[in-house]
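Have a look at the structure below, then the notes.
In the working numbering, the protein residues as written are 1 to 126.
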């Protein structure tokens, strides 16, 4: 199994949990990484930065150790996997919203406006 981390310098790394061996390092986000997380199967690593072009999620193949695709999310705040192919994101502007994205098509599947005071946490139950 793997461990992942992101840095304020914009790098994302993956290490083998058993040995600590570094498997991949990506120069992922020019303005720092705010969150990294694995998909439920562990096959995809998602990283995000709210400061890259207003908000960018990047998806990485864990097995191949390479970039797969990116998703631009304006005013990105948090993200959470719903399944291997569905990602929840929260935005803070112009309204506090949660969106469900299809990661195969990179299209928004659903949107819900929430409280106007901001979203502190985002948790999904697959």
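Ideal placement from N, C-alpha and C gives every residue a C-beta, glycine not left out. Everything numeric in this text was worked out from a predicted model, so none of it was measured.
Is residue i buried or exposed, if buried means 16 or more other CB atoms sit within 10 Å of its CB?
{"i": "residue 39", "result": "buried"}
{"i": "residue 111", "result": "exposed"}
{"i": "residue 13", "result": "buried"}
{"i": "residue 129", "result": "Because the chain is modelled from 1 through 126, residue 129 falls outside the range shown and cannot be assessed."}
Pick out whichever of the options has its Cα sitting closest to the Cα of residue i.
{"i": "residue 71", "options": "96, 47, 64 and 8", "result": "47"}
{"i": "residue 109", "options": "8, 88, 43 and 96", "result": "88"}
{"i": "residue 63", "options": "57, 44 and 76", "result": "44"}
{"i": "residue 76", "options": "23, 83, 101 and 60", "result": "101"}
{"i": "residue 6", "options": "61, 54, 18 and 32", "result": "32"}
For the beta strand (DSSP E) that contains residue i, what are its first and last residues?
{"i": "residue 70", "result": "66-72"}
{"i": "residue 46", "result": "44-49"}
{"i": "residue 28", "result": "Note, residue 28: premise wrong, no beta strand (DSSP E); not H, not E."}
Tell me the DSSP secondary structure of residue i in three-state form.
{"i": "residue 89", "result": "strand"}
{"i": "residue 8", "result": "coil"}
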